[in-house]
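Here's the structure, in structure tokens; my notes come after.
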Amino acid sequence: GAVVSQHPSRVICKSGTSVKIECRSLDFQATTMFWYRQFPKQSLMLMATSNEGSKATYEQGVEKDKFLINHASLTLSTLTVTSAHPEDSSFYICSARDWQISTEAFFGQGTRLTVV
Amino acid sequence: SQQGEEDPQALSIQEGENATMNCSYKTSINNLQWYRQNSGRGLVHLILIRSNEREKHSGRLRVTLDTSKKSSSLLITASRAADTASYFCATDSRGGGGADGLTFGKGTHLIIQP
Chain A
1171 GAVVSQHPSR VICKSGTSVK IECRSLDFQA TTMFWYRQFP KQSLMLMATS
1221 NEGSKATYEQ GVEKDKFLIN HASLTLSTLT VTSAHPEDSS FYICSARDWQ
1271 ISTEAFFGQG TRLTVV
Chain B
162 SQQGEEDPQA LSIQEGENAT MNCSYKTSIN NLQWYRQNSG RGLVHLILIR
212 SNEREKHSGR LRVTLDTSKK SSSLLITASR AADTASYFCA TDSRGGGGAD
262 GLTFGKGTHL IIQP
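Going down the list, the protein sequences come from chains A and B.
Note that my numbering has the first sequence beginning at 1171, numbered continuously upward.
Note that my numbering has the second sequence beginning at 162, numbered continuously upward.
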């Protein structure tokens, strides 16, 4: 299957700082990328959907000014957690799809964010 | 987005036994997928079943789909210790009024006792 690379895998940051997470599709062009958040022992919750070159669509309850998403190219999407707080500590996972090729979504390895 | 329900939430069985997990969902779907997640790691795609399919096999995995009941089951036969993980179902409802992203169930935590 196609490969989606997410970086970093783990990050610890101080409260009030911003953290950027990258998601790259390595061998296909991702027309759509998704960002999910997963709290311990819980399921994945969709945060936002981004299409290349357009603004992201955020799910209800997700603050767009806090979770900045940029999908500037067909192979790269970034999620920036701005002014992070301890309650933002979570596992963030990106997913990418190319609708022209497959209905399957390919997932990154996830990023464990800890805000101290 | 709405989430499906999975049962059981936790399942502990002996190695070699079969494990069955169920998933229910609420919206119309294009397909339903099952994923495995080892603790603290990313997702591994296991199998996809389309809305017009009723059963699908892949190795030791067997998935069924009943769209009239909006439910699916995942059967893992001859379980192994390495099967210990959390298993999630995810529905794809693109174009049907649902989100373009997958909607995940709450997951079943499977423990295989050696």
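Each residue gets a CB set at the ideal place from its N, CA and C atoms; glycine is no exception.
It should be emphasised that the depicted structure is a prediction, and the values quoted were computed from it without experimental measurement.
- If you check the CB distance, Phe1204(A) and Thr1219(A) come in under 8 angstroms.
- The alpha carbon of Asp1258(A) has as its nearest neighbour, out of Thr1284(A), Asp1197(A), Ser1179(A) and Met1217(A), the alpha carbon of Thr1284(A).
- Not a single CB atom of chain A sits nearer than 8 angstroms to the CB of Arg221(B).
- With at least 16 other beta carbons inside 10 angstroms of its own, Asp253(B) counts as buried.
- Listed in chain order, the positions of the region 1274 to 1286 of chain A with a beta carbon within less than 9 angstroms of a beta carbon of chain B are Glu1274, Ala1275, Phe1276, Phe1277, Gly1278, Gln1279, Gly1280 and Arg1282.
- When the beta-carbon positions are compared, Phe1261(A) and Gln1208(A) come within less than 8 angstroms of each other.
- Among the residues facing chain A, Leu209(B) is included, as its CB has a counterpart in that chain under 8 angstroms away.
- Look at the beta carbons and you see the region 1249 to 1258 of chain A not touching the region 225 to 239 of chain B: under three pairs across the two are nearer than 8 angstroms.
- Residue contact with chain B for Thr1252(A): absent (no Cβ-Cβ distance below 8 angstroms to any residue of chain B).
- Taking 8 angstroms as the threshold, the shortest C-beta distance from Ile1191(A) to chain B does not fall below it.
- Chain A places no beta carbon closer than 8 angstroms to that of Lys187(B), leaving this residue out of the contacts.
- The Cβ atoms of Asn1221(A) and Thr1201(A) sit closer than 8 angstroms to each other.
- Comparing alpha-carbon positions, the option among Gly268(B), Gln274(B), Glu216(B) and Ile210(B) lying closest to Leu1214(A) turns out to be Gly268(B).
- Leu222(B) is the residue among Asp227(B), Ala239(B), Leu222(B) and Ser229(B) whose C-alpha sits nearest the C-alpha of Tyr248(B).
- A distance below 7 angstroms between beta-carbons, with the five flanking residues on each side excluded, links Thr245(B) to the following residues of its chain, in chain order: Leu271, Ile272 and Ile273.
- Residues of the same chain with a CB within less than 7 angstroms of the CB of Lys217(B), apart from the 5 flanking positions on each side, are Ile208, Ile210 and Val224 in chain order.
- Among the residues of the region 1206 to 1226 of chain A, those with a Cβ less than 7 angstroms away from any Cβ of chain B are Ser1213, Leu1214, Leu1216 and Thr1219, in the order of the chain.
- Secondary structure of Glu1257(A) (DSSP, three-state): helix.
- Of all alpha-carbon atoms in Leu1238(A), Ala1242(A), Thr1281(A) and Gln1176(A), the one lying nearest the alpha-carbon of Ser1224(A) is that of Ala1242(A).
- The beta strand (DSSP E) runs of length 3 or more contained entirely in the region 1201 to 1268 of chain A are, from start to end of the chain, 1202 to 1208, 1214 to 1221, 1237 to 1243, 1246 to 1251 and 1260 to 1267.
- Within its own chain, the residues whose Cβ lies closer than 8 angstroms to the Cβ of Thr1252(A), once the five positions on either side in sequence are excluded, are Ser1188, Asp1235, Lys1236, Phe1237 and Leu1238, listed in chain order.
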